[in-house]
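**Q**
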Amino acid sequence: MRVIDRSRAASRFGIEQVSEAALPEIARFLSHDSEAARPGGVDERGIERYLEWLLLENPVATDDPRHGFSIRDQAGRVVGLLLSFPAVFLAGDRRIAGLGSGAYFVEPEARTLGFYLFKKHLKTPGYAFFFTTSCNANSAALWRALGAAAVPRSDREYVFHLNLDVVLPAFLASRTENPAVAKCARAVGRWTNPVLRRLAWPSTKLVVEPCRDWEKLAALARRHRPARSITTDRSPACLEWRYGRTAPNKDRSAAACCSTRSGRASE
């Protein structure tokens with residue numbers, strides 16, 4: 005039988021809140037560890053920029069200095085991490101604050117504290133519920149053990165129209181850091197896109213156009229929001245943050261849309 009001495013582990017490691025000043029070090033930890041999640045890209049600066057956008061520029065998080073927790077060893081080195089970010093949801097006329105999490109990873113030497121790191125996150129006050137948008141098998145088991153449940157049918161995958169000049173570089177980014185490869189893939193995608201559009205089945209019922217009028221998009225979201233469903237906040241500020249010029253994935257985001265059906269404008 006193996007007995008885990010938590011007091012000994014706690015004496016070697018400490019759990020502390022992630023501050024704004026620590027983001028460069030957090031980005032370095034995520035970029036150098038091959039097993040940890042890499043939000044925002046494969047390079048350190050890309051990850052740091054993504055964290056600044058998600059944790060600091062998030063309009064819901066501007067007044068909340070809590071960005072998650074990290075585990076550090078006696079030398080002050082980051083050996084574990086769980087990032088958190090607030091989000092607003094709408095249920096009818098109610099606004100509900102939830103706390104999302106991601107980049108949950110603990111190095112082997114500190115893994116005995118991983119469970120306590122997660123429980124500390126779940127004790128963060130001021131939120132109606134806690135959520136994550138994706139997790140691996142180990143994290144999913146931990147969520148279930150603490151009473152969480154997957155959203156019904158959230159394991160489904162949906163296929164949308166592909167822009168190969170975006171998809172190909174993104175696909176190769178996880179396999180190589182060579183900028184020449186990404187540039188070549190983007191050129192191939194731009195050449196292939198028109199061919200795919202000609203082969204696509206033509207539609208005369210629906211037209212989708214890009215739109216950056218955040219007030220208009222927010223009004224459309226309010227008008228068509230299902231009254232009995234919980235949805236994310238789509239206020240002008242949140243839409244601009246999510247899809248605007250400063251968003252790291254602005255080139256891949258579908259911030260969109262006007263539609264025309266049966267020859268009559270109906271947005």
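The end of the sequence shown is residue 271 by the numbering used here, with every number in the run present. C-beta atoms are modelled at their ideal positions from N, C-alpha and C, and glycine is treated no differently.
Tell me whether Thr136 sits in a helix, a strand or coil according to DSSP, three-state version.
**A** Here Thr136 sits in coil by DSSP.
**Q** Looking only at DSSP bridge pairs, what is Ile19 linked to?
**A** Ile19 is bridged to Ile75.
**Q** So, does the region 51-66 touch the region 84-102, judging by three or more C-beta pairs under 8 Å?
**A** Yes, the region 51-66 is in contact with the region 84-102.
**Q** Which value, in whole angstroms, describes the spacing of the CA atoms of Val272 and Ala231?
**A** Limits of the chain in this structure are 5 at one end and 271 at the other, which puts residue 272 out of reach.
**Q** I think Trp57 touches Ala251, with their Cβ atoms under 8 Å apart; what is that distance to the nearest whole Å?
**A** Trp57 to Ala251, Cβ: 6 Å. Contact.
**Q** Since Pro90 sits in a beta bridge, which residues does DSSP pair it with?
**A** Leu103, per the DSSP bridge assignment.
**Q** How big is the Cα-Cα spacing for Phe73 and Phe109?
**A** Rounded to whole angstroms, Phe73 to Phe109 spans 11 Å at the Cα level.
**Q** Comparing C-alpha positions only, which one of Asp77, Ala95, Leu146, Arg81 sits nearest to Pro28?
**A** Checking every option, the nearest Cα to that of Pro28 belongs to Arg81.
**Q** Check Leu34 in the structure and name its three-state DSSP category.
**A** Leu34 falls in the helix class under three-state DSSP.
**Q** Taking only three categories from DSSP, how would you classify Val83?
**A** Strand, per DSSP.
**Q** Between Phe33 and Leu85, is the Cβ-Cβ spacing less than 8 Å?
**A** Against a cut-off of 8 Å, the Cβ pair of Leu85 and Phe33 comes out as a contact.
**Q** Assign Asp237 to one of two classes, buried (16 or more other C-beta atoms within 10 Å of its C-beta) or exposed (fewer than that).
**A** It counts as buried.
**Q** Looking only at C-alpha atoms, which of Thr128, Trp245, Arg53 sits nearest to Asp217?
**A** The candidate whose alpha carbon is nearest that of Asp217 is Trp245.
**Q** Measuring straight from C-alpha to C-alpha, what distance separates Pro156 and Ala79?
**A** C-alpha separation (whole angstroms): 44 Å.
**Q** Which class does Val170 belong to by DSSP, given the choice of helix, strand or coil?
**A** Val170: helix per DSSP, three-state reduction.
**Q** For Ala152 and Ala132, which I take to be in contact (beta-carbon distance under 8 Å), what is that distance rounded to the nearest angstrom?
**A** Actually they do not touch by this definition, with Cβ atoms about 14 Å apart.
**Q** Exposed or buried, which one is Ala189 when buried takes at least 16 other CB atoms within 10 Å?
**A** So Ala189 counts as buried.
**Q** Less than 8 Å between C-beta atoms, sequence neighbours within five positions excluded: which residues of the same chain meet that for Val185?
**A** Contacts found: Leu176.
**Q** Terminal residues of the continuous beta strand (DSSP E) containing Thr236?
**A** Looking at the DSSP string, the run of the beta strand (DSSP E) that includes Thr236 is 234-236.
**Q** Under three-state DSSP, which class holds Arg70?
**A** Coil.
**Q** Buried or exposed for Leu87, please, with buried defined as at least 16 other CB atoms from any protein chain shown within 10 angstroms of its CB.
**A** So Leu87 ends up on the buried side.
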